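Here's the structure, in C-alpha cells; my notes come after.
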Amino acid sequence: MPFFYKNFIMGVIGITGDPSSLEKTAKIVKMAVELMIEQELLKEENSTYSSQIKILINKILEAQNENDVYTLTQLASKLGYNLEIPRIACLLSFDNTDSLNLANIANTVSQIKDSLTEEIKSLNSSNIQDIVCSIDINKILILKTVDNTEHHYIKKYISDYYAQLKNKIKSKINKKIYFAVGTLHKNMLGIKESYKEALFALDYCMKYEIDEEIAFIDNYIIEYLCTKLPKNILNIFY
1 MPFFYKNFIM
11 GVIGITGDPS
21 SLEKTAKIVK
31 MAVELMIEQE
41 LLKEENSTYS
51 SQIKILINKI
61 LEAQNENDVY
71 TLTQLASKLG
81 YNLEIPRIAC
91 LLSFDNTDSL
101 NLANIANTVS
111 QIKDSLTEEI
121 KSLNSSNIQD
131 IVCSIDINKI
141 LILKTVDNTE
151 HHYIKKYISD
161 YYAQLKNKIK
171 SKINKKIYFA
181 VGTLHKNMLG
191 IKESYKEALF
201 ALDYCMKYEI
211 DEEIAFIDNY
221 IIEYLCTKLP
231 KNILNIFY
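Spelled out as C-alpha cells, the structure:
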C-alpha cells in the first residue's frame, strides 16, 4: 500500500497476511506513517526557517555599507520581511536562566527559547514584520516595527508592548525580566547601532542590578557615550 505526502508517493507499506482481514490495519498504519512524515518534515522546515532568521540577524548586526544593505534586503524579502519598515532593537533577558522555575515550558534551553519566541510572536501588539530571534543562552532580540517615528510616541508604544509581553511570559517564568531598548535610527544600517545601544543598557542594568522596568538607552546616554571616548581621554577623569 503506497503512502503519500502532499500528493506525492513517498514509499510503500507492506504487511503480510490475509488482505481481507488486514485492510483496516493497513489503513491505520498508512495514516500513522503519513502523519509521522508530515510532522518530521514540518519540524525540519521550521528549523530551516529559524536558522535563516538567525543568519539574517547576524548579517544585519554585521552590516557595514550599502552593498551589505542590498544583500540584506534580498535575504529578508525571501523570508517575508521588508527592511524598509522602521525598527527599533529591544533585548529581553532573564536573571539566572540556569535555574528557571518553569511552568508549562519544556525544560531544555533550546525549547525554552523557542517557546518564549513563539509567546512573543503571539502577542496582540506584535506585528508580522517584527523579527524575533534568540541570540544566545539568555537573550532574545526583538527588532520591533514602529509606525510612528516621533520619540514620545515610540516610548509609549514600546512601554505598552512590554507590559503585554511581561504579562504573557511572567506566568510562564518566575524570574526577574530585563528589557532594554535602543533608539530608532534613520536607515537600515542603524539597526545595528540600535542593537548596540540596547545591549549596553541591558548589560549596565544587569551588572549594577538596576531595578528598572524598561531600560531605555536614553536613561544611560552619558554612560554609553563614555564608552565611545578614547581611553586617553577617559584616563583624565578616572
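Going by UniProt numbering, 224 is the number at position 224 of the sequence shown; the sequence numbering is gapless.
Backbone N, C-alpha and C define an ideal beta-carbon position, used for all residues, glycine too.
Keep in mind that this is a model prediction, so the values were computed, not measured.
In this structure, does DSSP put residue i in helix, strand or coil?
{"i": "residue 131", "result": "strand"}
{"i": "residue 206", "result": "helix"}
{"i": "residue 36", "result": "helix"}
{"i": "residue 224", "result": "helix"}
{"i": "residue 186", "result": "coil"}
{"i": "residue 125", "result": "coil"}
{"i": "residue 199", "result": "helix"}
{"i": "residue 63", "result": "coil"}
{"i": "residue 79", "result": "coil"}
{"i": "residue 119", "result": "helix"}
{"i": "residue 172", "result": "coil"}
{"i": "residue 193", "result": "helix"}
{"i": "residue 23", "result": "helix"}
{"i": "residue 72", "result": "helix"}
{"i": "residue 56", "result": "helix"}
{"i": "residue 101", "result": "Note on residue 101: pLDDT 48, under 50, position unreliable in the model; the coordinate value appears next. Residue 101: coil per DSSP, three-state reduction."}
{"i": "residue 229", "result": "coil"}
Residue i bridges to which residues according to DSSP?
{"i": "residue 145", "result": "87"}
{"i": "residue 177", "result": "94"}
{"i": "residue 214", "result": "Looking at the DSSP assignment, residue 214 forms no beta bridge with any residue, so it has no partner."}
{"i": "residue 140", "result": "92 and 134"}
Use the C-beta contact count for residue i: other C-beta atoms within 10 angstroms, 16 or more gives buried, fewer gives exposed.
{"i": "residue 226", "result": "exposed"}
{"i": "residue 70", "result": "exposed"}
{"i": "residue 239", "result": "Nothing about residue 239 can be read from this structure; the chain reaches only from 1 to 238."}
{"i": "residue 113", "result": "buried"}
{"i": "residue 35", "result": "exposed"}
{"i": "residue 117", "result": "buried"}
{"i": "residue 199", "result": "buried"}
{"i": "residue 272", "result": "Any question about residue 272 goes unanswered here, given that the chain covers just 1 to 238."}
{"i": "residue 178", "result": "buried"}
{"i": "residue 220", "result": "buried"}
{"i": "residue 214", "result": "buried"}
{"i": "residue 204", "result": "buried"}
{"i": "residue 32", "result": "exposed"}
{"i": "residue 139", "result": "buried"}
{"i": "residue 232", "result": "exposed"}
{"i": "residue 131", "result": "buried"}
{"i": "residue 93", "result": "buried"}
{"i": "residue 223", "result": "exposed"}
{"i": "residue 28", "result": "exposed"}
{"i": "residue 197", "result": "buried"}
Excluding the 5 residues preceding and the 5 following residue i in the sequence, name in chain order all residues of the same chain whose CB lies nearer than 7 Å to its CB.
{"i": "residue 61", "result": "192 and 195"}
{"i": "residue 51", "result": "none"}
{"i": "residue 123", "result": "164, 165 and 168"}
{"i": "residue 189", "result": "63 and 69"}
{"i": "residue 73", "result": "83"}
{"i": "residue 127", "result": "145"}
{"i": "residue 129", "result": "81, 82, 85 and 145"}
Given residue i, which residues of its chain have a CB within under 6 Å of its CB, disregarding the five upstream and five downstream residues?
{"i": "residue 161", "result": "125"}
{"i": "residue 158", "result": "181"}
{"i": "residue 216", "result": "181"}
{"i": "residue 119", "result": "168 and 169"}
{"i": "residue 53", "result": "133"}
Excluding the 5 residues preceding and the 5 following residue i in the sequence, name in chain order all residues of the same chain whose CB lies nearer than 8 Å to its CB.
{"i": "residue 88", "result": "143, 144, 146, 154, 158, 181, 182, 183, 184 and 194"}
{"i": "residue 55", "result": "75"}
{"i": "residue 239", "result": "Because the chain spans 1 through 238 in this model, residue 239 falls outside it and cannot be assessed."}
- How do the region 74–88 and the region 127–147 stand: do at least 3 beta-carbon pairs fall below 8 Å, yes or no? Below 8 Å, enough C-beta pairs join the region 74–88 and the region 127–147 to call them touching: three or more.
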